[in-house]
Every structure is written in C-alpha cells, then in structure tokens.
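Shown next, in structure tokens, is the structure this report addresses.
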Amino acid sequence: MLDRWMRLLENYIHTHAEQMMREPSGVLRHPYTVPSSPDSPYYSSTLWDWDSWFTTVALGQVEADTDQRGRFRGYEEGVILNFLEHTDEDGVMPILLKPDGPMLHGDPSRAGGFRENMHKPVIAQQAANLTQRTGDASWIEPHMPALERFLSRYLESHIHAETGLAYWQSDFAVGVDNDPSVYYRPAGSSAAVYLNSLLYRELLAYGYLLEEFGDKGAANRWRGHAQDLADAAHRHLWDERDGTFYSADLNLRPIDSSDWLHAGAPRHWSSLVQRIDNWSSFLPLWAGYATQEQAARMVLRYREERTFHAQYGVRTLSKLEHQYDLRASNNPSNWLGPIWGISNYLVFRGLAKYGFHDDARELAEKTVRLFGQDLEANGSLHEYYHPDSGEPIMTKGFQNWNFLVLQMIAYLEGRPVVAEF
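Going by my numbering, the first residue of the sequence shown is number 72, and it counts up by one from there.
Right under this line is the structure:
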C-alpha cells in the first residue's frame with residue numbers, strides 16, 4: 072500500500088507542479104510561483120514569502136526525479152528577484168506581493184518608527200539553495216546589496232539587546248499564524264524559537280553566498296552573527312528541566328535604579344521561558360544548532376503520544392495544551408494542533424540530520440499515508456489535517472510545501488534527496 076501511495080504522489084506532483092507557475096503580472100515583473108492550483112480560493116495569484124522558499128525546495132526534487140534540471144529555474148529566480156526589487160533602501164522587504172502591489176503593515180520608514188514584521192528570514196536560503204542546485208551564483212550577484220540591507224534590518228530591528236535573541240515585532244503574519252507564544256501577545260515580546268531558527272540558517276546562507284563571490288572575510292562575519300544567535304538560543308531558549316527549546320518572553324519591565332521597590336534586588340534575568348509545547352520547539356534540530364545530547368532528549372518528547380506523536384505526524388501544538396483546537400480557520404490559519412505538511416517535513420529533516428533514522432522513516436511513512444489517502448479520496452491535497460483521523464480540514468488544492476513529500480519518498484527509497492540549504 073505504501074509503495075502504491077508513493078507512486079501515486081510522485082505522478083501527481085510531477086504533473087501538477089506546473090500549476091504553481093505564474094507569468095509576470097502588474098508589479099511582479101518576473102515569473103514567480105504560488106502555493107496552489109489556479110482554482111484555489113486563497114492562494115492562486117499571490118507570491119508569499121516562506122511558502123515560495125519551500126516551493127523551490129520541492130521543485131528541486133521534481134527536477135531531479137524527472138531528470139529535467141533547470142525546468143523551473145526562471146520562476147524560482149523570479150520569486151527572489153521580485154522580492155528584492157521591492158526591498159526599500161532601509162531593508163524592508165514585503166511579506167507578500169500581489170500583481171496590484173506589495174503588502175506592508177504599518178509605516179516602513181524609520182522616521183515613522185517601523186515596528187511591524189516583514190518578509191521572514193528565508194530569502195538568502197532560497198537563493199543559496201538555487202545556487203547549490205545550479206552551480207551558478209551570477210544571477211544573484213547584482214542583488215547582493217539589497218539582500219544585505221534586508222538582513223542588516225533584521226539584526227538592527229529584530230534583535231533584543233539584553234538577550235541577543237530575534238523577536239517578532241507583533242503577531243501579524245508570523246507564518247505559524249496563531250502560535251500561542253506569539254498570538255495576542257504584546258508587541259515585541261516574543262522571541263520565538265521558530266524565528267530564531269530561521270534567522271540562524273539565513274545568516275549562514277548569506278555567508279555561503281558571500282564566499283561564492285570570494286569575500287571570505289565578510290562571509291565569516293555573517294557566520295559569526297549566526298553563532299551569536301545560536302549562543303543566545305542555548306542560553307535563553309533551552310530548558311534543562313524539560314529537555315527542550317521553548318520560545319522566550321521578553322516582556323519585562325526595564326531595570327530602574329531609582330525604583331525603591333526593586334532597587335535592593337534588581338532582576339538578573341533578561342527573559343522568561345514560555346513553556347508552551349509547540350512543534351517549532353523541534354526546529355533547532357532542523358537548523359542544526361542543538362547538541363546531540365539535546366536532540367536525544369527532544370526526541371523522547373517527540374515520541375510522546377499524549378502530546379505530539381499522532382497517527383499522521385506531529386501535532387503542531389501538544390494535545391495537553393489548553394489552546395489545542397482542530398477547528399478550521401483561515402486568516403489566521405490554524406496551527407493549534409492540526410497536521411501540516413511543512414511541520415511534518417521540518418521535524419523529519421531534523422530527526423534525520425541527528426541520526427534518528429527510525430523516527431524519521433516513521434514520520435515520512437505517516438506523511439506518505441496521509442497525502443496518499445487524501446489524493447485517492449479527493450483527487451488533490453489540502454492545507455492541513457486532523458492528526459488522528461487524517462481527514463482534511465481546510466483548502467482543497469493546496470500544493471506548495473505538501474510537495475516536499477517527494478523528498479520523504481526519496482529518503483525512504485535511499486535515493487538522493489534535494490534538501491534545503
């Protein structure tokens with residue numbers, strides 16, 4: 072049965088990947104990709120930030136499987152160029168682009184005190200992935216200054232001085248929309264392990280690109296920024312008691328020496344651990360900054376059926392959390408427990424990276440079964456699913472990172488896997 076589902080999914084993805092391609096339109100001067108088939112009610116014409124990154128990773132496996140390397144290159148490069156061309160001189164990059172214009176929330180100028188989220192830190196990784204696959208970095212070289220402005224803006228505007236951790240400006244457009252460690256929390260208060268893991272890999276990717284152009288000094292400086300972030304994560308996000316990484320609460324009053332109530336014993340801590348069991352706690356394994364000993368403790372938590380371990384993958388929120396809720400929602404989309412293709416994939420990659428191959432194989436097989444059953448029953452894939460029954464919850468025709476099941480199939484069959492940077 073598993074083999075039949077693998078062949079079914081391969082055939083479907085190889086033939087339907089083309090549906091995510093879009094030609095230049097409006098402000099989008101370059102061809103680009105979208106997350107879904109053309110008939111999707113939500114995703115048919117919009118260029119999204121981290122969605123397009125994982126589309127690129129999946130397309131790499133499509134090209135390798137079908138021996139059509141370079142088939143989608145123009146669209147993949149176009150995604151990156153569209154975003155870089157809409158990055159302002161202050162480094163602000165839109166979260167999404169529609170043919171009629173970009174989406175920014177708030178005033179992007181420093182004079183106006185820009186305090187909102189922008190494009191997630193994944194675009195250098197996307198460029199590095201494409202460069203590794205093609206062996207050609209020349210296309211990105213003219214745009215390196217814009218890429219550096221973007222990353223510099225992250226280091227300037229999204230790093231908490233006391234801890235060195237990256238934080239969200241608000242709960243607007245954080246990708247994992249209603250993550251309780253961010254959603255409805257005060258502005259600038261959440262140092263999410265998700266964001267810190269993405270930014271860590273992003274800084275390494277930019278260092279890789281710089282070295283491709285022969286600037287080893289600058290490459291090592293940016294890699295140093297990545298190590299600073301990893302060190303901060305170990306100091307403030309790792310919880311030795313529970314044996315996992317958590318997001319951190321930065322919402323503390325400043326130390327005031329004139330405050331008579333606290334002056335005798337001012338706080339010596341700069342954050343508080345948010346003990347919310349979220350799938351993103353496993354992202355340090357994917358990012359690669361967890362130690363082997365930390366990974367071993369986290370895998371024990373991953374295997375716990377009362378919390379994360381479900382019939383069809385990893386719950387996006389522990390079943391024991393009060394916020395656990397499987398109801399359908401869009402804007403925000405629901406990450407309070409349903410199975411998502413991307414969370415299954417990233418946890419799978421982390422497990423494999425640290426040598427937990429039995430767990431990685433099991434998670435890959437669960438994902439193949441989930442998507443294979445959906446495709447047989449409904450003729451397409453969906454955005455997210457019930458963790459125990461596998462029933463689709465939302466958005467028929469969603470493609471995007473669901474197509475990363477191709478990487479899982481290649482892994483299960485012992486074939487080369489086209490991985491992200």
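Yeah, the Cβ is synthetic: ideal placement off N, Cα and C, and Gly gets one too. None of the values given here were measured: they were computed from a predicted structure.
Can you give me the start and stop residues for the beta strand (DSSP E) that residue 165 sits inside?
-> Counting along the chain, residue 165 falls outside any beta strand (DSSP E), and DSSP gives it neither H nor E.
C-beta atoms of residue 350 and residue 421 nearer than 7 Å = In this structure, residue 350 keeps its C-beta atom at 7 Å or more from the C-beta atom of residue 421.
Residue from 95, 112 and 94 with nearest C-alpha to residue 402 | Nearest C-alpha to residue 402: 112.
Nearest to residue 239 by alpha carbon, out of 431, 263 and 491?
-> For residue 239, the closest of 431, 263 and 491 by C-alpha to C-alpha distance is 263.
Using three-state DSSP, classify residue 239 as helix, strand or coil.
-> The answer is strand: DSSP assigns residue 239 an E or B state.
Rounded straight-line distance, which links the Cα of residue 153 to that of residue 95 = So the two alpha carbons sit approximately 10 Å from each other.
Measuring CB to CB, does residue 319 end up less than 7 Å from residue 308?
-> Residue 308 sits close to residue 319, with the two beta carbons spaced by under 7 Å.
Go ahead and pull the three-state DSSP assignment for residue 297.
-> Residue state, collapsed to three classes: helix.
Contained alpha helix (DSSP H) runs [length at least 4] in the stretch 244 to 318, N- to C-terminal order | You should have 264 to 283 and 287 to 307.
Per DSSP, residue 456 forms a beta bridge with which residues?
-> In DSSP, residue 456 forms a bridge with 410 and 463.
Residue 457 beta carbon less than 7 Å from that of residue 407 = No, the pair does not count as a contact, with Cβ atoms beyond the cut-off.
Return helix, strand or coil for residue 468, following the three-state DSSP convention.
-> Taken through DSSP and simplified to helix, strand or coil, residue 468 comes out as coil.
Under the three-state reduction of DSSP, which class applies to residue 352: helix, strand or coil?
-> In this structure, residue 352 counts as helix in the three-state DSSP scheme.
Give the straight-line distance between the Cα atoms of residue 273 and residue 369, rounded to the nearest whole angstrom.
-> Residue 273 and residue 369: Cα-Cα distance of roughly 23 Å.
Rounded straight-line distance, which links the Cα of residue 107 to that of residue 467 | In this structure, the CA atom of residue 467 is about 9 Å from the CA atom of residue 107.
Under a three-way DSSP split, which group does residue 440 fall into?
-> Residue 440: helix per DSSP, three-state reduction.
Continuous beta strand (DSSP E) assignments of at least 3 residues falling wholly in the stretch 364 to 388 = With a minimum length of 3 residues, no continuous beta strand (DSSP E) run stays inside the stretch 364 to 388.
Taking just the CA atoms, how far does residue 276 sit from residue 110?
-> In a straight line, the C-alpha of residue 110 is about 34 Å away from that of residue 276.
Terminal residues of the alpha helix (DSSP H) in which residue 479 lies = Start and end: 476 to 483.
If you count every other CB in all the chains shown that lies within 10 Å of the CB of residue 76, and 16 or more means buried, which is it?
-> Buried is the call here.
Helix, strand or coil: how does DSSP classify residue 216 here?
-> For residue 216, the three-state secondary structure derived from DSSP is helix.
Where residue 227 and residue 120 are concerned, what is the direct C-alpha to C-alpha distance, given to the nearest angstrom?
-> Computed Cα separation, rounded: 20 Å.
Give the secondary structure of residue 417 by DSSP, where H, G and I count as helix, E and B as strand, and everything else as coil.
-> Reduced to three states, the DSSP call for residue 417 is helix.
Three or more C-beta pairs below 8 Å linking the stretch 432 to 446 and the stretch 475 to 488 = The answer is yes - the stretch 475 to 488 touches the stretch 432 to 446, with three or more Cβ pairs under 8 Å.
Less than 7 Å separating the beta-carbons of residue 378 and residue 411?
-> No.
Any chance the stretch 153 to 164 sits against the stretch 206 to 224, with 3 or more Cβ pairs inside 8 Å?
-> Cβ pair count under 8 Å is three or more, so yes.
Pull up the distance between the alpha-carbon of residue 105 and that of residue 282, whole angstroms please.
-> Spanning the two alpha carbons is a distance of roughly 30 Å.
Give the secondary structure of residue 450 by DSSP, where H, G and I count as helix, E and B as strand, and everything else as coil.
-> Three-state result, residue 450: coil.
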